[in-house]
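Heads up: the structure comes next, in structure tokens.
Protein chains in written order, with this note's numbering: chain A, 954 to 1374; chain B, 280 to 586; chain C, 24 to 299.
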């Protein structure tokens, strides 16, 4: 009898002792004990990553040292480091490259840490889904890039369109572009990066998603680039190109180096752009003339490409707890509002969309809100298939849009081969 | 080849003079030996090893699979087009570089002040790195900020922007122009040296015999330039066959994969398709081809050298 | 003998031709200077002409002074290693015949036949094992290795051009081999040494790939990598102003060195008078 009572008390104590740290964890995740952490990320995220890292270093004992790598060479550098076991504590990845690296085991399994993090359900799920492989979670969003449609209100007014109304379907997009194109005088209806596979990934995938379709199957092993939905999308752009509604020949040659600069020159009616107002206004384009609307499908709807970088703890790191302190802090109110929102960037926490910094501009609120309507495509061989300038997506897309589209089915076979080497 | 100087110390016993000289020579080459063996031969052996197994970039060594890697890379759809393109590029660049180099050399070989200035000007682009020069060219050819397309467009002399990199032919010619601009001075230097080595009496004799400038060039200058031209040829061919940086930066293989070189295929296999096995196999193939090619060139160019 | 007799063209056409060629050669360089200070949207210099792009570059990353210092360090180290190794080796190949000397020489030359992309991964793994992976020394060693074919060849023909009597008389006077090298031979091949040093410097200063892969500490970054970072920020869009300013900054030391040393390297090439 006494033994049983003793056991019961001991059991209760044990439960309390185990539960206590879990309760205390609500306050601080991971460990902040002055550890030095190394972090690699692409130059493309440098400005925003730097803001976050400086803020973290200023308020924590842990210190993060960031190495910025030229964007075009990031994959090469990580690959070389992986081959030689020289990965840093933390490193980011373009979201479409995450499956490639999670499946190769370059990141540590942080499923439990993520599942137990309070408020994790408010973090953009697309960013976590793409970092999940085989049921295990390896990363979280770091810096987000979304895609939207932007239109030039001044040109719309001149073309006789309602300057406050942006397109709500793909057809309206094309019609608005055609109307603006009639203005002539160096003005074009629209623009896109015709020689840049990644540009279309960023700006056309949401069109299909808004219609409930997709270009890939769920695990990224099958290409639907020749489906009826996609053939319809190619046709719209094919006609826009053939009728010179887009600035030619620049569109056909644009490799991605300058595609966003055309809108700022004030000569484009409506085109997809990254969801950021920083640096868009210029001498030729007043900020008040920039209209923003979510990307829509053929039938309407709204979607966006949840891009940017995810970040995880590398397999070679021995400082997982300290690294987790940084990772979890990234999603905290303090980081999201005082650093990200304050600098006019897109948040990774959907519940904070309408915060004191963004609420002044409804366009910023819109950016924050559409993240939850967007997706991130997942495929192990995404980069080699879609981003590679020598890859099959660019070939298929150019044949469909600048050619006569007859080879789409054959080109799709090359896509499937590339997704499943 | 050792000097025939008797060494008084040798009489003291120990190693003979010649053996000591041999050892001395060897000792002086130890740094070279160490550097070459450590940083060249060892990695090269590893490359050979990687070509024999399936080897993924991120996950490491797999099973032995010879000759699968070699077969796979030769069946790669970029392989043969890259080979033809690289050869095409090599021929074009070599002809232009050696031709222009020779022309420049003849123009600046005098000892005058003007010739010295000209020589310096032609040599300036050599001081740039190839990457920097490619970046320069990237901006130079740009339809928005370059100095050729936009001004001509604004002056109304042309309709649309000039597409320097839009068709495969224009991309090839634009890159060729970049490379020739950058390296012409270097080959000019090699050939100037060769020209200066031709004794003046030969030219005098030729003009006394009534030879025209063209005849002098053909029968006096060219044959005596053979050694310099051979060196230039070997350097140029090897360098062009291994061209990478300029295409990587300037064209990225565009448009539509028409300017992809063999080394670009190696790079892509290793880092985009993450297959070190096939990348290494291709590296080995390229090395074997180059060794054979250079051996042939060497033998052919030396064969009839009567120096 | 004047040029006209060799080339067969008159005096005026000569000046016109060379002058025209000179303009074509100089034009891209001058344009680069011009573009780096011109106004461009989306760069550090959007309105009017000025040095905005250079200001952006100065403050970028770890700061231009530190990055430039790293580049200078790597370049200097590469020059030192290259000169020592190739001078010793070139002397040996020129003057000593020993078992395996031809083979070693050819092996050194064959370095030219393997592209860096092929060797980069094994080299990285190797340097990692030697503890040299995140070090400026490691990078310098790699660049020096790639300079060996040209450098050793250059030094060899430079030494071969020196008349043997010079050495022989020194040896008769009782000089050991090493002091012959140090006191007699090296001073005679100064043009060759300067040429080798200059080209090694240019290679190291402009090298991008090796520091990219080998160096991770942001305080050890060199100029070419920092320039690449600056050039391409968000969404892959290129900052042209920064690109051209970067080209200028990278080129200026090279051009200056080139101009200062030109008497030497012309003679350096000639000292071998490329024989058969």
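Yeah, the Cβ is synthetic: ideal placement off N, Cα and C, and Gly gets one too.
The shortest C-alpha to C-alpha distance from residue 1249(A) to any of 1323(A), 1010(A), 1242(A) and 1029(A) is the one to 1323(A).
When 9 Å is used as the limit between beta carbons, residue 1268(A) is near no residue of chain B, the shortest such separation being about 10 Å. Taken in chain order, the whole alpha helix (DSSP H) runs of length 4 or more contained in the segment 490-531 of chain B are 492-495, 505-520 and 524-529.
For the segment 291-371 of chain B, the full-length beta strand (DSSP E) segments reaching 3 residues or more read 332-335 and 339-343 along the chain. By the C-beta criterion, the segment 451-464 of chain B is judged not to be in contact with the segment 540-555 of chain B, since fewer than 3 inter-stretch pairs fall below 8 Å.
Going by DSSP, residue 1056(A) is part of the alpha helix (DSSP H) stretching over 1051-1056. Contact annotation: residue 991(A) and residue 41(C) have beta-carbon atoms that are not nearer than 9 Å. The Cβ atoms of residue 1258(A) and residue 1154(A) lie closer than 9 Å to each other. DSSP places residue 546(B) in the helix class (H, G or I) of the three-state scheme. With a threshold of 9 Å between beta carbons, residue 196(C) makes no contact with chain A.
Taking the C-beta atoms as reference points, residue 219(C) is found nearer than 9 Å to residue 174(C). Within the same chain, and ignoring the five residues on either side of residue 1221(A) in sequence, the residues whose Cβ sits closer than 7 Å to its Cβ are 1105, 1141, 1143, 1144 and 1215.
Residue 144(C) holds the alpha-carbon nearest to the alpha-carbon of residue 553(B) among 45(C), 60(C) and 144(C).
Nearest to residue 1210(A) by alpha-carbon distance, out of 479(B), 382(B) and 424(B), is 424(B). Between the C-alpha atoms of residue 506(B) and residue 570(B) there is a straight-line separation of about 20 Å.
The Cβ-Cβ distance between residue 177(C) and residue 113(C) falls below 9 Å. In this structure, DSSP gives residue 62(C) a state outside helix and strand, which the three-state scheme calls coil. In the DSSP assignment, residue 397(B) falls within the unbroken alpha helix (DSSP H) covering 392-402. DSSP, read as helix, strand or coil, puts residue 992(A) in strand. 1100(A) is the residue among 1042(A), 1100(A) and 1087(A) whose C-alpha sits nearest the C-alpha of residue 1256(A). Residues of chain B whose Cβ lies closer than 9 Å to the Cβ of residue 1337(A) are, in chain order, 547, 551, 552 and 553.
Cβ neighbours of residue 383(B) within its own chain (closer than 7 Å, five residues either side excluded): 401, 463 and 467. For residue 84(C), at least one C-beta of chain A is nearer than 9 Å to its own C-beta.
Around residue 315(B), the beta-carbon contacts reaching into chain C at under 8 Å are 127, 130, 131, 134, 168 and 171. The secondary-structure analysis by DSSP pairs residue 1243(A) across a beta bridge with 1105(A). Under the three-state reduction of DSSP output, residue 1022(A) falls in the strand class.
At least one beta carbon of chain A lies nearer than 9 Å to the beta carbon of residue 533(B). Below the 7 Å Cβ cutoff, chain C contributes no neighbours of residue 1239(A), its closest Cβ being approximately 14 Å away. In the structure shown, the three-state DSSP call for residue 1089(A) is strand. Listed along the chain, the chain A residues whose CB falls inside 7 Å of the CB of residue 357(B) are 1343.
Cβ-Cβ distances below 6 Å link residue 1089(A) to 1062 and 1064 in the same chain, with the five nearest sequence neighbours on each side left out; the list follows chain order. With contacts defined as CB atoms closer than 9 Å, residue 1301(A) and residue 1158(A) fail to qualify as a contacting pair.
Annotation: residue 377(B) to residue 555(B) spans about 36 Å, alpha carbon to alpha carbon. Using a CB distance below 8 Å, the part of the segment 514-542 of chain B facing chain A consists of 531, 532, 533, 534, 535, 536 and 539, ordered along the chain. Per the Cβ contact rule, the segment 123-142 of chain C is not in contact with the segment 45-65 of chain C (fewer than 3 Cβ pairs under 8 Å).
In the three-state scheme derived from DSSP, where H, G and I count as helix and E and B as strand, residue 1045(A) is classed as strand.
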